[in-house]
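Engineer: Here the protein sequences line up with chains E and Y, keeping their order.
Under the working numbering, the first residue of the first sequence is numbered 1, with each subsequent residue one higher.
Under the working numbering, the first residue of the second sequence is numbered 1, with each subsequent residue one higher.
Note that the Cβ used here is the ideal one computed from N, Cα and C, for glycine as well.
Handing you a structure now.
Protein chains: 2
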Amino acid sequence: MRAVTQQSFGEPDVLTVGEVARPEPLITEVLVKVRAAGVNPVDAYVRAGAFPLLGEPPFVLGWDVSGVVEQVGAGVNRFAVGDEVYGMPFFPRAAGGYGEYVAAPSRHFARKPKGLDHAQAAALPLAGLTAWQALVDAARLQPGQRVLIHGGAGGVGHLAVQIAKALGAEVYATASAAKHEFVRELGADHLIDYTAGDFAEGLTDLDAVFDTVGSGTGLRSLPVLRDGGVLATITEHFDEELAARVTADGKRYAGVVVEPDHVGLEALTDLVETGRLKPFVEHVLPLEEAAQAHRLIESRRTKGKIVLAL
Amino acid sequence: MRAVTQQSFGEPDVLTVGEVARPEPLITEVLVKVRAAGVNPVDAYVRAGAFPLLGEPPFVLGWDVSGVVEQVGAGVNRFAVGDEVYGMPFFPRAAGGYGEYVAAPSRHFARKPKGLDHAQAAALPLAGLTAWQALVDAARLQPGQRVLIHGGAGGVGHLAVQIAKALGAEVYATASAAKHEFVRELGADHLIDYTAGDFAEGLTDLDAVFDTVGSGTGLRSLPVLRDGGVLATITEHFDEELAARVTADGKRYAGVVVEPDHVGLEALTDLVETGRLKPFVEHVLPLEEAAQAHRLIESRRTKGKIVLAL
Chain E
1 MRAVTQQSFG EPDVLTVGEV ARPEPLITEV LVKVRAAGVN PVDAYVRAGA
51 FPLLGEPPFV LGWDVSGVVE QVGAGVNRFA VGDEVYGMPF FPRAAGGYGE
101 YVAAPSRHFA RKPKGLDHAQ AAALPLAGLT AWQALVDAAR LQPGQRVLIH
151 GGAGGVGHLA VQIAKALGAE VYATASAAKH EFVRELGADH LIDYTAGDFA
201 EGLTDLDAVF DTVGSGTGLR SLPVLRDGGV LATITEHFDE ELAARVTADG
251 KRYAGVVVEP DHVGLEALTD LVETGRLKPF VEHVLPLEEA AQAHRLIESR
301 RTKGKIVLAL
Chain Y
1 MRAVTQQSFG EPDVLTVGEV ARPEPLITEV LVKVRAAGVN PVDAYVRAGA
51 FPLLGEPPFV LGWDVSGVVE QVGAGVNRFA VGDEVYGMPF FPRAAGGYGE
101 YVAAPSRHFA RKPKGLDHAQ AAALPLAGLT AWQALVDAAR LQPGQRVLIH
151 GGAGGVGHLA VQIAKALGAE VYATASAAKH EFVRELGADH LIDYTAGDFA
201 EGLTDLDAVF DTVGSGTGLR SLPVLRDGGV LATITEHFDE ELAARVTADG
251 KRYAGVVVEP DHVGLEALTD LVETGRLKPF VEHVLPLEEA AQAHRLIESR
301 RTKGKIVLAL
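Pasting the structure below:
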């Protein structure tokens, strides 16, 4: 089958389209014909060798897919051949989304939301589950609570703003001024231009902060949290010194890395189908332009998501 | 670390205790110090080479564990070091329960039920989730419905009887006469001695049959199902001919193979803690007697579960 693969760690141009073996589904697994694959910052780290989750090349990147069930392994009855599904196969132990087919446990997938095309659906699993697991599972955000989302226009952030609103929270979000209108339309109640001054000024007693930005943003957010408030972070997700400072300050630290989770995916499907969540896809590129997709993701200037179409 | 391992496929005596490398948790994973490991029929098939899920030996078997969180990987906030957990690591792609430590995604585990010791808790994940996914996810058993469970005294069956009762169903169960009292105490409403005649005699219009026995039992169960009733089977779980016959007969076929699922595990924890589910452990053996544990599981005459203690 055709797939984007790489023979060595390196810059984006190590990514080339080639032929690789088609995966076989084991018991409990489904084989999905990939129609679109989301591109995430973690992909670029793994490609470059900065975060060698998949060992040495060659390998096929890609943890976000939307597609059609081509074959079901023994014992699977959640899906049938022909079903449209989306999911997050095998993160972080294996990958394969940048290819024609991927095989993974049925519970790494859920039914694709009606009303999204494959490119939109492929933008959702990894980033959407990240936001869901940070806000719901880790921060346990409740209706009426006040949350600050750092990076409200980004791949994870723009979904987090919508999910926090759907949970009934009052949402503060940081973004550069040019993106305020975009984030406001996602439902943010208060926009903060972090380039124009200290984001923390005037903010106090928040219930939760969700940091998708990093570079000390988490630590600088401590003063805006109430006693017992939660700092959920996906950038400094195992920073023991930060965790200790948060705890010493009477607050709760939650380092979050996303895990495949069919129940979370089903919750996202429900949010989409009830009109409360929509992924924003900034660029859809063909598989052959995976290197360009990585350059875009590494620019850190994207709004929403980047997707490869097959 | 110490683990039961094997250098070749073969009879139970290929299982010996040796030293293997301690696993390292990746991001999203926990390292669990194993206190007890459940033994399941699938373990014996893999050991013998009949079902080579783990490739060629050497490998460490074991998909059922109860133990204590020793270390958490980056991004995990569902558990902390010292938490007691139980789960079903990595089935069917990897294993490792028959050893001192196992590493797997946090969502392959849940909090160990209060009131169970580690041996009892290790008896529950694979068999309990199998029963849960068959009765709840596949058969969608409803209160007041009537279900027949084949093999009501077995490792999966004795948990299925209790789960079906907890769901509010009326439960028919087959077992040899010597085990009727055991299965009745689990909550079965009607006991059938399959050795004394045709189990189907007098049975009609059932909503569901759950077959844990095999050897044609599923097919012979079709006459007792109502139109649209469900045959859920874990023994003929990918039998296309059987599936076609079930469908042609106006009923629904659900071949079930268990998948790790933290939500299902949490449901089992809740059932245990509210007094509605208790695994029965027939034998607890030390790690050194893994071969004997496999002889017992292969005898097919066990009542409840067999567990290795570490």
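Assess contact between the region 3 to 23 of chain E and the region 74 to 86 of chain E, defined as three or more Cβ pairs (one per stretch) separated by less than 8 angstroms. Is contact present?
Structural biologist: Segments in contact, no.
Engineer: If I'm right that residue 92 (chain Y) touches residue 102 (chain Y) with Cβ under 8 angstroms, what's the distance once you round it to whole angstroms?
Structural biologist: Actually they do not touch by this definition, with Cβ atoms about 15 angstroms apart.
Engineer: Quick check on residue 194 (chain E): does DSSP put it in helix, strand or coil?
Structural biologist: Residue 194 (chain E) falls in the helix class under three-state DSSP.
Engineer: Does residue 81 (chain E) pass the burial test, meaning 16 or more other C-beta atoms within 10 Å, or should it be called exposed?
Structural biologist: Under this definition residue 81 (chain E) is an exposed residue.
Engineer: Is it true that the CB of residue 149 (chain E) sits closer than 9 angstroms to the CB of residue 277 (chain E)?
Structural biologist: The answer is no: Cβ separation not under 9 angstroms.
Engineer: At 4 residues or longer, and completely inside the region 113 to 184 of chain E: list those alpha helix (DSSP H) runs for me, N to C.
Structural biologist: The qualifying runs are 118 to 122, 125 to 132, 157 to 166.
Engineer: My parser needs the alpha helix (DSSP H) runs of 4 or more residues fully inside the region 58 to 109 of chain E; what are they?
Structural biologist: List check, alpha helix (DSSP H) in window: nothing returned.
Engineer: Quick one: list the residues of chain Y neighbouring residue 249 (chain E), beta-carbon separation under 8 angstroms, in chain order.
Structural biologist: Going along chain Y, no residue has its Cβ under 8 angstroms from residue 249 (chain E), so there is no contact; the nearest lies around 18 angstroms.
Engineer: Do residue 182 (chain Y) and residue 51 (chain Y) have their beta-carbon atoms positioned less than 9 angstroms apart in this structure?
Structural biologist: Cβ distance not < 9 angstroms, so residue 51 (chain Y) and residue 182 (chain Y) don't count as in contact.
Engineer: Please list the residues of the region 254 to 270 of chain Y that have a C-beta atom closer than 8 angstroms to any C-beta atom in chain E, keeping them in chain order.
Structural biologist: Listed by position, the residues of the region 254 to 270 of chain Y near chain E (Cβ gap below 8 angstroms) are 254, 255, 256, 257, 258, 259, 260, 261, 262, 263.
Engineer: Assign residue 288 (chain Y) to one of three DSSP states: helix, strand, or coil.
Structural biologist: Note: residue 288 (chain Y) maps to helix in three-state DSSP.
Engineer: Under 9 angstroms Cβ-Cβ, which residues of chain Y neighbour residue 280 (chain E)?
Structural biologist: The premise fails here: residue 280 (chain E) is roughly 25 angstroms from chain Y at the closest Cβ pair, so nothing lies under 9 angstroms.
Engineer: Check this for me: beta carbons of residue 165 (chain Y) and residue 144 (chain Y), under 9 angstroms apart or not?
Structural biologist: Cβ distance not < 9 angstroms, so residue 165 (chain Y) and residue 144 (chain Y) don't count as in contact.
Engineer: Along the region 220 to 248 of chain Y, what residues have a CB closer than 7 angstroms to any CB found in chain E?
Structural biologist: Result list: 237, 238.
Engineer: On a Cα-Cα basis, can you pick out the residue from E:167, E:1, E:136 that is closest to residue 60 (chain E)?
Structural biologist: Cα-wise, what sits closest to residue 60 (chain E) is E:1.
Engineer: In whole angstroms, what separates the C-alpha of residue 67 (chain Y) from that of residue 118 (chain Y)?
Structural biologist: Cα to Cα, the separation comes out at about 7 angstroms.
Engineer: In the DSSP assignment, what are the bridge partners of residue 37 (chain Y)?
Structural biologist: Answer is Y:65, Y:308.
Engineer: Can you look up residue 252 (chain Y) in the DSSP assignment and give me helix, strand or coil?
Structural biologist: Strand, per DSSP.
Engineer: Verify whether the separation of the beta carbon atoms of residue 141 (chain Y) and residue 208 (chain Y) is less than 9 angstroms.
Structural biologist: Their beta carbons are under 9 angstroms apart, which means residue 141 (chain Y) touches residue 208 (chain Y) by this criterion.
Engineer: Which residues, in chain order, does the region 17 to 38 of chain Y contribute to contact with chain E at a C-beta distance below 9 angstroms?
Structural biologist: So the list reads 26, 27, 28, 29, given in the order they occur along the chain.
Engineer: Less than 9 angstroms between CB atoms is the rule here; does residue 40 (chain Y) satisfy it with respect to chain E?
Structural biologist: Cβ-Cβ to chain E under 9 angstroms: no for residue 40 (chain Y).
Engineer: Please determine, among Y:290, Y:160, Y:304, Y:39, the residue with the shortest C-alpha to C-alpha distance to residue 268 (chain Y).
Structural biologist: The shortest C-alpha separation from residue 268 (chain Y) is found at Y:160.
Engineer: If we count Cβ pairs, one from each stretch, closer than 8 angstroms, do we get three or more for the region 184 to 204 of chain Y versus the region 243 to 256 of chain Y?
Structural biologist: Contact between the region 184 to 204 of chain Y and the region 243 to 256 of chain Y is absent, because fewer than three Cβ pairs lie under 8 angstroms.
Engineer: In the DSSP assignment, find the unbroken beta strand (DSSP E) run with residue 266 (chain E) in it and report its ends.
Structural biologist: Counting along the chain, residue 266 (chain E) falls outside any beta strand (DSSP E), though it belongs to the alpha helix (DSSP H) covering 262 to 273.
Engineer: Go ahead and pull the three-state DSSP assignment for residue 205 (chain E).
Structural biologist: DSSP places residue 205 (chain E) in coil when its eight states are reduced to three.
Engineer: Does residue 311 (chain Y) pass the burial test, meaning 16 or more other C-beta atoms within 10 Å, or should it be called exposed?
Structural biologist: Beyond the ends of chain Y as shown, which are 1 and 310, falls residue 311 (chain Y); an answer cannot be given.
Engineer: Cα separation between residue 296 (chain E) and residue 213 (chain E)?
Structural biologist: About 17 angstroms.
Engineer: Please report how far the alpha carbon of residue 74 (chain Y) lies from the alpha carbon of residue 107 (chain Y), in whole angstroms.
Structural biologist: Their backbone Cα atoms lie some 14 angstroms apart in a straight line.
Engineer: Measure the C-alpha to C-alpha separation of residue 70 (chain E) and residue 222 (chain E) and round it to an integer number of angstroms.
Structural biologist: Those two C-alpha atoms are separated by around 48 angstroms.
Engineer: Would you please verify whether the beta carbon of residue 69 (chain Y) is less than 9 angstroms from any beta carbon of chain E?
Structural biologist: No - not a single Cβ of chain E is within 9 angstroms of the one on residue 69 (chain Y).
Engineer: Among E:230, E:190, E:192, whose alpha-carbon lies nearest the alpha-carbon of residue 206 (chain E)?
Structural biologist: Nearest of E:230, E:190, E:192 to residue 206 (chain E), Cα basis: E:230.
Engineer: Can you give me the start and stop residues for the beta strand (DSSP E) that residue 218 (chain E) sits inside?
Structural biologist: Looking at the DSSP string, residue 218 (chain E) is not in any beta strand (DSSP E); the run it does join, the alpha helix (DSSP H), is 217 to 220.
Engineer: With a 10 Å radius around its C-beta and 16 neighbouring C-beta atoms as the bar for buried, classify residue 55 (chain Y) as buried or exposed.
Structural biologist: Under this definition residue 55 (chain Y) is an exposed residue.
Engineer: I'd like to know whether the C-beta of residue 43 (chain Y) is nearer than 9 angstroms to at least one C-beta of chain E.
Structural biologist: Residue 43 (chain Y) does not count as touching chain E.
Engineer: Where do the N-terminal and C-terminal ends of the beta strand (DSSP E) with residue 231 (chain Y) fall, by residue?
Structural biologist: Per DSSP, residue 231 (chain Y) belongs to the beta strand (DSSP E) from 225 to 233.
Engineer: Express the C-alpha separation of residue 283 (chain E) and residue 38 (chain E) in angstroms, rounding to a whole number.
Structural biologist: Between residue 38 (chain E) and residue 283 (chain E), the C-alpha separation is close to 10 angstroms.
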